[in-house]
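Chemist:
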Amino acid sequence: MNKNIIVLVSLLTVFNLFSQDRKEFDYELLGALALESNQLISYKIVFNAKENGFIEGYSYTDLSGENETKSYIRGYYDVKSKNIQFKESDILYTKSEFLPEEFCFVSFKGKFKGETKKKLLEGNFTGIYDDRDTCATGKLKLVSTKFVEKKIKKVYKKVKKINKVKKIDSVVIAELEPENYLKKFSETKIKSGEKVSVFVYTSKLKMEIWDYGKEDGDVITILKNNKPVLENYAVTKKKKSITLNLEDHNNLIKIITVNSGKLKTNTAKLILYDFRREYEVVADLEEGKEAFINIVKLNVKK
Numbered sequence: 301m302n303k304n305i306i307v308l309v310s311l312l313t314v315f316n317l318f319s320q321d322r323k324e325f326d327y328e329l330l331g332a333l334a335l336e337s338n339q340l341i342s343y344k345i346v347f348n349a350k351e352n353g354f355i356e357g358y359s360y361t362d363l364s365g366e367n368e369t370k371s372y373i374r375g376y377y378d379v380k381s382k383n384i385q386f387k388e389s390d391i392l393y394t395k396s397e398f399l400p401e402e403f404c405f406v407s408f409k410g411k412f413k414g415e416t417k418k419k420l421l422e423g424n425f426t427g428i429y430d431d432r433d434t435c436a437t438g439k440l441k442l443v444s445t446k447f448v449e450k451k452i453k454k455v456y457k458k459v460k461k462i463n464k465v466k467k468i469d470s471v472v473i474a475e476l477e478p479e480n481y482l483k484k485f486s487e488t489k490i491k492s493g494e495k496v497s498v499f500v501y502t503s504k505l506k507m508e509i510w511d512y513g514k515e516d517g518d519v520i521t522i523l524k525n526n527k528p529v530l531e532n533y534a535v536t537k538k539k540k541s542i543t544l545n546l547e548d549h550n551n552l553i554k555i556i557t558v559n560s561g562k563l564k565t566n567t568a569k570l571i572l573y574d575f576r577r578e579y580e581v582v583a584d585l586e587e588g589k590e591a592f593i594n595i596v597k598l599n600v601k602k
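Quick note on our numbering: the sequence shown kicks off at 301 and runs consecutively.
(1) What separation, rounded to the nearest whole angstrom, lies between the Cα atoms of P400 and F499?
(2) Do the CB positions of Y343 and L420 come within less than 8 Å of each other?
(3) I believe E494 touches A591 by the beta-carbon criterion, under 8 Å. Please report the beta-carbon distance rounded to the nearest angstrom.
(4) Less than 8 Å between C-beta atoms, sequence neighbours within five positions excluded: which residues of the same chain meet that for K538?
(5) Is there a Cβ from chain B that is less than 8 Å from the Cβ of Y376?
(6) Please state whether DSSP places E587 in a helix, a strand or coil.
(7) Can you tell me whether T557 is helix, strand or coil according to DSSP?
(8) Which same chain residues, not among the five before or five after N348, have their C-beta less than 8 Å away from its C-beta?
(9) What do you reckon, are the CB atoms on I555 and A583 nearer than 8 Å?
(10) Measuring CA to CA, which of R432, E422 and L585 is closest to S444?
(11) Between R374 and K387, what straight-line distance do the alpha-carbon atoms span, to the nearest angstrom?
(12) For D390, tell me which candidate among L544, S364 and F403 has the shortest Cα-Cα distance.
(13) How many whole angstroms separate the CB atoms of N594 and L552, which I take to be in contact at a CB cut-off of 8 Å?
(14) Less than 7 Å between C-beta atoms, sequence neighbours within five positions excluded: which residues of the same chain meet that for K336?
(15) For T426, collect the residues of the same chain with a Cβ closer than 7 Å to its Cβ; drop the 5 residues on either side in sequence, then sort them by chain order.
(16) To the nearest angstrom, report how far apart D518 and K597 are at their CA atoms.
(17) Check this for me: beta carbons of G588 and T567, under 8 Å apart or not?
(18) Inspect the beta-carbon positions of Y393 and Y573 and report whether they are closer than 8 Å.
(19) Measuring straight from C-alpha to C-alpha, what distance separates L329 and L442?
(20) According to DSSP, R437 sits in a beta bridge with which residue or residues?
(21) Hey, Y377 and K370: beta-carbon distance below 8 Å or not?
(22) Please look up how many angstroms separate the CB atoms of T543 and K506, rounded, as I've assumed it's under 8 Å.
(23) What separation, rounded to the nearest whole angstrom, lies between the Cα atoms of N352 and S381?
(24) What does the alpha-carbon distance come out to for the pair K540 and G365?
(25) Tell me the DSSP secondary structure of T521 in three-state form.
(26) Is the separation between the beta-carbon of K411 and that of E368 shorter than 8 Å?
(27) Measure the Cβ-Cβ separation of A332 and I345 and say whether it is below 8 Å.
(28) Run through DSSP, which three-state label would E388 get?
(29) Given a cut-off of 8 Å, decide if L546 and E508 are closer than it, judged by their beta-carbon atoms.
(30) Helix or strand or just coil, what does DSSP make of K569?
(31) According to DSSP, simplified to helix, strand and coil, what is K495?
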């Protein structure tokens with residue numbers, strides 16, 4: 301493959317990590333945590349700002365990585381001074397094997413800089429354990445996702461120009477088209493063999509399942525702690541709703557693809573509803589393969 305094409309495709313691979321969660325927020329920024337150990341960890345925040353300056357939203361750490369985690373963020377933004385501060389708390393989901401009390405939560409203070417369109421944000425952060433001990437320090441640098449999307453479109457145009465001179469596979473071109481590419485990474489995905497843990501505060505959990513891709517005959521079986529809750533179910537565009545009665549602590553949900561349909565992969569979407577929040581996951585599985593959602597029931601902190 302042409303060296304220029306390899307570079308461009310590599311850039312798009314980096315950008316895709318930051319294209320999750322297409323819901324509307326007042327602010328969407330992405331970039332990286334730069335630890336003092338010189339380690340870089342991908343990072344994204346989305347939040348809404350109220351008139352009184354209070355902000356509330358979510359953070360995403362290690363996007364598409366083995367420790368991908370989504371947490372709440374709350375803080376304050378002064379529009380006049382452009383100063384902002386926020387803290388992470390209360391994990392919604394994680395692909396990490398760490399327990400909630402072992403997580404390192406980000407506490408950040410920084411300032412918006414430069415052009416409004418770029419929405420460049422940088423400052424210092426401290427990582428804090430649940431018991432308030434410090435676990436990391438470093439710098440946080442973020443930029444507006446809208447600015448990144450413009451860059452993606454420019455890269456795609458360059459790929460198209462190269463395609464006129466040296467033909468690129470049509471399937472590759474279709475996958476790199478910005479709208480398709482961003483949509484592909486719009487939700488949290490679990491692939492064959494992966495496990496994601498979600499944390500809830502309820503004894504009953506509502507689950508909705510439907511075909512997220514093209515309706516092509518996908519058939520799945522869902523087990524809870526190895527007991528069937530949905531067997532040989534043909535997934536369609538119509539949402540199927542079931543209620544899960546949760547055990548104390550862990551409830552392991554296994555999603556098995558019995559038949560992947562004509563497209564050879566099962567793209568079932570699942571939404572889990574707690575009484576105070578929801579969790580959205582896309583199971584992108586091969587036929588005969590399985591993925592896991594570990595539902596951890598937590599006690600409300602006093």
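Glycine residues also receive a C-beta, built at the ideal position from the N, C-alpha and C atoms.
Modeler: Inspection of the coordinates gives the following:
(1) 9 Å
(2) no
(3) 5 Å
(4) W510
(5) Judged by its chain identifiers, the structure shown contains no chain B, having just a single protein chain.
(6) coil
(7) strand
(8) F325, D326, Y327, I355, E356 and G357
(9) yes
(10) E422
(11) 6 Å
(12) F403
(13) 5 Å
(14) The question names Lys, but residue 336 is Glu in the sequence shown. Closer than 7 Å at Cβ, skipping near neighbours: T437 and G438.
(15) S407, T434 and T437
(16) 30 Å
(17) no
(18) no
(19) 6 Å
(20) Note on residue identity: the sequence assigns Thr, not Arg, to residue 437. Bridge partners of T437: T426.
(21) no
(22) 6 Å
(23) 14 Å
(24) 30 Å
(25) strand
(26) no
(27) no
(28) strand
(29) no
(30) strand
(31) strand
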